[in-house]
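What follows is a set of notes on a single structure, which appears directly below.
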(Lines of atoms letter the chains of each structure in order from A and count residues from 1; the text may use other names and numbers.)
(Lines give C-alpha, C1' and ligand atoms only; values in the text may rest on other atoms or scores of the structure.)
Protein backbone atom coordinates (compact mmCIF):
# COMPACT_ATOMS: atom_id res chain seq x y z
CA UNK A 1 0.00 0.00 0.00
CA UNK A 2 1.31 3.42 -0.93
CA UNK A 3 1.85 5.70 2.07
CA UNK A 4 1.02 9.37 2.14
CA UNK A 5 3.76 11.68 3.42
CA UNK A 6 3.44 12.85 7.01
CA UNK A 7 2.06 16.33 7.70
CA UNK A 8 4.53 19.21 7.50
CA UNK A 9 6.69 19.46 10.60
CA UNK A 10 5.91 15.94 11.79
CA UNK A 11 8.69 13.88 13.30
CA UNK A 12 9.60 11.05 10.95
CA UNK A 13 10.30 7.89 12.93
CA UNK A 14 11.82 4.74 11.63
CA UNK A 15 9.47 2.70 9.48
CA UNK A 16 7.19 0.39 11.39
CA UNK A 17 4.11 -1.55 10.33
CA UNK A 18 1.99 0.09 13.06
CA UNK A 19 2.53 3.52 11.48
CA UNK A 20 0.72 2.54 8.30
CA UNK A 21 -2.66 2.64 10.06
CA UNK A 22 -5.55 0.29 9.79
CA UNK A 23 -7.52 -0.32 6.62
CA UNK A 24 -10.66 1.04 8.28
CA UNK A 25 -8.88 4.30 9.08
CA UNK A 26 -7.76 4.71 5.47
CA UNK A 27 -11.23 3.77 4.24
CA UNK A 28 -12.76 6.45 6.49
CA UNK A 29 -10.25 9.01 5.22
CA UNK A 30 -10.95 8.09 1.61
CA UNK A 31 -14.71 8.36 2.16
CA UNK A 32 -14.29 11.75 3.82
CA UNK A 33 -12.18 12.94 0.89
CA UNK A 34 -14.79 11.72 -1.60
CA UNK A 35 -17.57 13.44 0.37
CA UNK A 36 -15.60 16.68 0.36
CA UNK A 37 -15.02 16.35 -3.38
CA UNK A 38 -18.73 15.75 -4.02
CA UNK A 39 -19.63 18.80 -1.93
CA UNK A 40 -17.13 20.98 -3.80
CA UNK A 41 -18.45 19.76 -7.16
CA UNK A 42 -22.06 20.53 -6.14
CA UNK A 43 -21.05 24.01 -5.04
CA UNK A 44 -19.21 24.57 -8.32
CA UNK A 45 -22.25 23.49 -10.34
CA UNK A 46 -24.48 25.79 -8.28
CA UNK A 47 -22.08 28.69 -8.91
CA UNK A 48 -22.07 27.96 -12.64
CA UNK A 49 -25.88 27.94 -12.73
CA UNK A 50 -25.99 31.21 -10.77
CA UNK A 51 -23.44 32.77 -13.13
CA UNK A 52 -25.44 31.67 -16.17
CA UNK A 53 -28.65 33.20 -14.76
CA UNK A 54 -26.83 36.45 -14.03
CA UNK A 55 -25.29 36.56 -17.50
CA UNK A 56 -28.72 36.07 -19.08
CA UNK A 57 -30.21 38.82 -16.93
CA UNK A 58 -27.37 41.23 -17.76
CA UNK A 59 -27.90 40.49 -21.45
CA UNK A 60 -31.62 41.22 -21.14
CA UNK A 61 -30.92 44.52 -19.39
CA UNK A 62 -28.38 45.52 -22.03
CA UNK A 63 -30.85 44.73 -24.82
CA UNK A 64 -33.51 46.80 -23.05
CA UNK A 65 -31.08 49.71 -22.79
CA UNK A 66 -30.29 49.51 -26.51
CA UNK A 67 -33.98 49.21 -27.51
CA UNK A 68 -35.56 52.27 -29.11
CA UNK A 69 -37.02 54.59 -26.46
CA UNK A 70 -40.50 54.65 -28.11
CA UNK A 71 -41.20 51.06 -27.04
CA UNK A 72 -40.16 51.63 -23.45
CA UNK A 73 -41.65 55.06 -22.82
CA UNK A 74 -44.23 55.21 -20.05
CA UNK A 75 -47.21 57.40 -20.97
CA UNK A 76 -47.23 60.72 -19.15
CA UNK A 77 -50.00 61.37 -16.74
CA UNK A 78 -51.88 64.66 -17.14
CA UNK A 79 -51.09 67.26 -14.46
CA UNK A 80 -53.49 67.30 -11.53
CA UNK A 81 -56.49 69.62 -11.77
CA UNK A 82 -55.78 73.16 -10.65
CA UNK A 83 -52.02 72.87 -11.15
CA UNK A 84 -50.61 75.62 -13.30
CA UNK A 85 -48.12 74.44 -15.94
CA UNK A 86 -44.77 76.22 -15.90
CA UNK A 87 -44.39 78.35 -18.99
CA UNK A 88 -41.27 77.93 -21.09
CA UNK A 89 -40.41 81.61 -20.68
CA UNK A 90 -40.05 81.25 -16.88
CA UNK A 91 -38.46 77.83 -16.84
CA UNK A 92 -34.74 78.57 -17.20
CA UNK A 93 -34.51 82.05 -15.68
CA UNK A 94 -32.84 82.91 -12.44
CA UNK A 95 -34.19 85.36 -9.98
CA UNK A 96 -31.72 88.19 -9.85
CA UNK A 97 -31.03 91.89 -10.36
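Residue numbers (UniProt numbering): 1 to 97.
All C-beta atoms in this analysis are idealised placements derived from N, C-alpha and C, irrespective of residue type, glycine included.
Length of the line joining the Cα atoms of residue i and residue j
{"i": "residue 7", "j": "residue 66", "result": "58 Å"}
{"i": "residue 52", "j": "residue 23", "result": "43 Å"}
{"i": "residue 48", "j": "residue 58", "result": "15 Å"}
{"i": "residue 41", "j": "residue 62", "result": "31 Å"}
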